[in-house]
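Residue numbers (full-length UniProt numbering): 1 to 301.
The structure appears right after this line, and notes come after that.
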């Protein structure tokens, strides 16, 4: 069982900065505000991370449902931009409606959708899948899959690997995957670049962490889909159409995914300080250490 504190998670992100996309992340002053409503007059499009902005684990953050509803009532566009990869879009729509949010399918862009686009040209392979119900992979467009559980043959027979969920992943399975890749390198597609995600009881360890471990211990070079990489933002702006990027803001709780991704996409950014990754942490110190500077810091979403 891997235990993650905010300090360790931050250090893990810093250790893989050479893998993350590069951008000029320091040339701005940060304005400290209370919540999302303080940004309504400055922006027309709000790209909202999910975990740490809309919810923590399976619970909505109190008061955010109303602020998002007020945002939409004011004529703004609200869109979830999430590294959620373990479940299909329909499941996310149901989840956020259950939590009190009224997002339509076209209002949600995920790393899983970004991965599905890449898979269109690779459908002939047998994919070994980390996480996810094999019966629920239809949206990915892959016809040949095998669950990466405890059968060594599933690892050695696969033509490539899809890392989309880590809820049932274990250190033994990680070691089995490392050994398989060491003997025969293959393509690794990572549907969730996050290293951790905030939960009620702390952090869960996400596919991005395990992907980076593979690259450290083998010759594997994982391919990432989702924030902070450009591919997910390309899908966002394809969905939005013609829009003035100076009127777009990315709101998230992670410097290394949400805020760095905003820099990459050429939009403004707002870091949530009081919930999610940096809850009960010194955000100013983290900004200084990383050099990833948001336009705004919000006490709450």
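C-beta atoms are modelled at their ideal positions from N, C-alpha and C, and glycine is treated no differently.
Alpha carbon of residue 257 to alpha carbon of residue 184, nearest angstrom: Taking C-alpha positions only, residue 257 is separated from residue 184 by approximately 31 Å.
Status (buried if at least 16 other CB within 10 Å, exposed otherwise) for residue 227: buried
Any 3 or more C-beta pairs closer than 8 Å across the segment 92-103 and the segment 118-132: no
Best match in 291, 44, 2 for proximity to residue 244 [C-alpha to C-alpha]: 44
Extent of the continuous beta strand (DSSP E) to which residue 77 belongs: 77-82
Contacts around residue 230, its chain only, beta-carbon distance under 6 Å, and the 5 residues preceding and following it disregarded: 264
Where the alpha helix (DSSP H) through residue 208 begins and ends: 207-217
Cα-Cα separation between residue 165 and residue 50, rounded to whole angstroms: Their Cα atoms are separated by approximately 16 Å.
Inter-stretch contact (C-beta, 8 Å, three-pair minimum) for the segment 151-166 and the segment 206-213: Yes: at least three Cβ pairs fall under 8 Å.
Nearest to residue 107 (by Cα), restricted to the options 293, 48, 86: Nearest Cα to residue 107 within the set 293, 48, 86: 48.
Reduced DSSP secondary structure (H/G/I, E/B, other) of residue 191: coil
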